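Residue numbers (our numbering): 12 to 127.
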């Protein structure tokens, strides 16, 4: 499952540089699939959705930091635990119970994002 940032976020920014997939963005910031990944140009995501990896997308939140679920691997393939959750001073980086993924799916996503 992807990690989400709850409304308890204090916008300290500690989580953002820790993400190996650049899946965390400051509130109101546009984001791209290409940021911090090997994706470029037109790509078909594992869920079958076609996207342009370099196209800017609307912010998911205008008020607090947010995590792009399609880019979140819970740090699988990089670390033993999600680094955002490890550094968050208010414990607002938590598993998204509405977006459950197996370890195999998270590792496959990591390989897809980084062409491994």
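Beta carbons: idealized from backbone N, C-alpha and C, even for Gly.
These numbers come from a predicted model, not from an experiment.
Distance between residue j and residue i (C-alpha atoms, nearest Å)
| i | j | result |
| --- | --- | --- |
| residue 48 | residue 121 | 9 Å |
| residue 101 | residue 36 | 17 Å |
| residue 40 | residue 67 | 10 Å |
| residue 115 | residue 38 | 30 Å |
| residue 69 | residue 51 | 18 Å |
| residue 31 | residue 109 | 22 Å |
| residue 119 | residue 74 | 31 Å |
| residue 72 | residue 112 | 22 Å |
| residue 15 | residue 127 | 25 Å |
| residue 82 | residue 34 | 5 Å |
| residue 42 | residue 22 | 17 Å |
| residue 125 | residue 64 | 13 Å |
Of the listed residues the options, nearest to residue i (C-alpha basis)
| i | options | result |
| --- | --- | --- |
| residue 20 | 53, 99, 91, 90 | 99 |
| residue 105 | 116, 114, 93 | 93 |
| residue 61 | 44, 70, 72 | 44 |
| residue 96 | 109, 77, 112, 114 | 77 |
| residue 13 | 125, 88, 117 | 117 |
Cβ neighbour criterion (16 or more within 10 Å) applied to residue i
| i | result |
| --- | --- |
| residue 84 | buried |
| residue 79 | buried |
| residue 18 | exposed |
Reduced DSSP secondary structure (H/G/I, E/B, other) of residue i
| i | result |
| --- | --- |
| residue 77 | strand |
| residue 28 | helix |
| residue 101 | coil |
Flag this pair as touching only if the region 55-65 and the region 24-32 have three or more C-beta atom pairs under 8 Å; answer yes or no. no
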